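Have a look at the structure below, then the notes.
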Amino acid sequence: MVKQSQFNRIVEFGIPILLLWMFFQFYNFGKVTPSEMIKTTGLLAISLLGITLLIGPLSRILPGLNFLKAFRKTWGILSFVAAFMHTLLVYTYFFKFNFLRFIDTSNPKYGGILSGLLALIILLLVTLTSNQKAIDKLSPRIWKIIQTTSYLALILAVLHFYLMEQADGALVIRRLLGQITYVAAILVIILRLLILFLPSKKEASH
């Protein structure tokens with residue numbers, strides 16, 4: 085029998101690997117090109133962040149899923165790693181090492197680029213404070229506020245996706261897995277908003 089610690093490790097790293105394999109096989113169909121890998125890393129970042137943020141609201145509805153909370157830190161950090169790789173690939177292959185293209189306001193896609201960069205910066209801040217040293221130094225309120233900005237990062241990532249995939253003013257996502265990822269991320273945001281209106285356990289007990 086697989087020990088509990090081994091099972092946890094399999095789940096912790098198996099889910100990100102499975103997602104990467106799915107995007108590699110069913111989104112870019114095994115092609116390893118700069119364009120395809122940019123899209124794959126972007127979708128991986130959004131999906132990992134979405135799953136990470138989905139655990140909290142779901143565990144309130146289904147307490148049996150509380151065990152998944154142990155994996156949020158790893159999945160959140162890996163979502164930042166994927167987002168960073170996505171940005172690095174854009175910087176290398178699309179912008180040809182020209183950082184100024186990230187802040188070129190004349191670019192028709194500037195809104196999408198800016199929202200993506202803001203999402204990356206927020207995820208960096210969240211990642212840097214996802215450790216015991218940061219918890220000890222920051223007040224509980226400030227630490228929680230920083231961690232909660234992950235939802236803003238997801239909103240910005242979805243906006244980035246929307247603006248970058250527009251063609252003639254309309255959103256165009258041709259591949260099914262891309263459509264599923266986009267819709268799922270929106271559903272996570274909606275669920276979080278709905279959870280805000282649900283009474284907490286303490287309130288419900290009174």
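Taking the working numbering, the leading residue of the sequence shown gets 85, the next gets one more, and so forth.
Here a beta-carbon is modelled for each residue, glycine too, at the ideal position from N, C-alpha and C.
None of the values given here were measured: they were computed from a predicted structure.
From the DSSP secondary-structure annotation, give me the bridge partner or partners of residue i.
i      : result
Ala251 : Ala254
Considering residue i, what are the terminal residues of the alpha helix (DSSP H) in which it resides?
i      : result
Tyr266 : 260-280
Thr124 : 118-145
Leu202 : 194-212
Lys217 : 216-221
Asn92  : 88-110
Lys157 : 156-173
Going along the chain, which residues of its own chain have a beta-carbon closer than 7 Å to the beta-carbon of residue i, five neighbours each way excluded?
i      : result
His290 : At His290 the pLDDT is 42, less than 50, meaning the model places this residue with poor confidence; the figure from the coordinates comes in the next sentence. For His290, where only same-chain residues beyond five positions count, there are no Cβ hits under 7 Å.
Ile197 : Phe186, Asn191
Leu236 : Ile206
Val95  : Phe155
His244 : Gly196, Ser199, Gly200, Ala203
Ala166 : Thr125, Leu128, Ala129, Leu132
Helix, strand or coil for residue i per DSSP?
i      : result
Asp188 : coil
Asn150 : helix
Lys180 : coil
Ser289 : Per-residue confidence for Ser289 stands at a pLDDT of 44, beneath the threshold of 50, marking its modelled position as unreliable; the derived number appears in the next sentence. Helix.
Lys115 : coil
Thr232 : helix
Might you give, ordered along the chain, the residues of its own chain that have their beta carbon closer than 6 Å to the beta carbon of residue i, omitting 5 neighbours on each side?
i      : result
Tyr177 : Pro118
Leu143 : Correcting the residue identity first, residue 143 is Ser in this sequence and not Leu. Here the set comprises Leu149, Asn150.
Phe110 : Leu261
Glu120 : Asn112
Ile161 : Thr211
Arg258 : none
Using C-beta distances below 8 Å, list every residue in its chain close to residue i, excluding the 5 sequence neighbours before and after it, in chain order.
i      : result
Thr171 : Gly200, Leu201, Leu204
Ala288 : Low local confidence applies: a pLDDT of 44 at Ala288 is under 50, so the model's placement there is unreliable, with the coordinate-based value given in what follows. Taken in chain order, the list of residues that qualify is empty.
Asn215 : none
Phe181 : Tyr175
Ala268 : Ser131, Gly134
Trp227 : Thr213, Ala218, Ile219
Gly114 : Phe108
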